[in-house]
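Residue 27 in our numbering sits at position 27 of the sequence shown, with consecutive numbering throughout. Built from N, CA and C at the ideal position, the CB exists for glycine as well.
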Amino acid sequence: MAWCAAECRTLVATVEFAVGSGGGFDDLATRLGRRLSYHLDRVRCRVLAAGILTSLGDAYQGADDTAAARDAWQRALRHYEELGHPEEAELRARLTR
1 MAWCAAECRT LVATVEFAVG SGGGFDDLAT RLGRRLSYHL DRVRCRVLAA
51 GILTSLGDAY QGADDTAAAR DAWQRALRHY EELGHPEEAE LRARLTR
């Protein structure tokens, strides 16, 4: 579990780099995002998974990929809703902007 969570954090940082660097990294960001999704399905801590998905959405939003950002945020929101977590309201507000 700890290894998987660490791998997820590393992948988010790499996606943030790829989408923030511009020019030619879109395919890399997409592949890394898929790999991250694979790992997130195995993270048992749903709060951690939701936080990582929120960060991934922020990275995509920073790269003007609104569709990918909204997808990541929607996935995070589902976790927060099921947990009754306070971050649910903030994420829901972000999705309505």
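Give every residue of the same chain whose Cβ lies closer than 7 Å to the Cβ of residue i, excluding the five residues on either side of it in the sequence, and list them in chain order.
i, result
"residue 91", "54, 73, 76, 77 and 80"
"residue 56", "12, 15, 33, 36 and 72"
"residue 60", "19, 68, 69 and 72"
To which residues of the same chain is residue i closer than 6 Å at the C-beta, ignoring the five residues directly before and after it?
i, result
"residue 32", "11, 14 and 15"
"residue 52", "8 and 12"
"residue 93", "none"
Excluding the five sequence neighbours on either side, which residues of its own chain have a C-beta within less than 8 Å of the C-beta of residue i, listed in chain order?
i, result
"residue 46", "79, 82 and 83"
Taking just the CA atoms, how far does residue j sit from residue i?
i, j, result
"residue 58", "residue 69", "6 Å"
"residue 6", "residue 67", "26 Å"
"residue 88", "residue 96", "12 Å"
"residue 38", "residue 85", "23 Å"
Is residue j closer than 7 Å to residue i when the C-beta atoms are compared?
i, j, result
"residue 49", "residue 36", "no"
Within 7 Å of any Cβ in chain C, is that where the Cβ of residue i sits?
i, result
"residue 17", "Reference to chain C is not applicable here, since this structure consists of a single protein chain."
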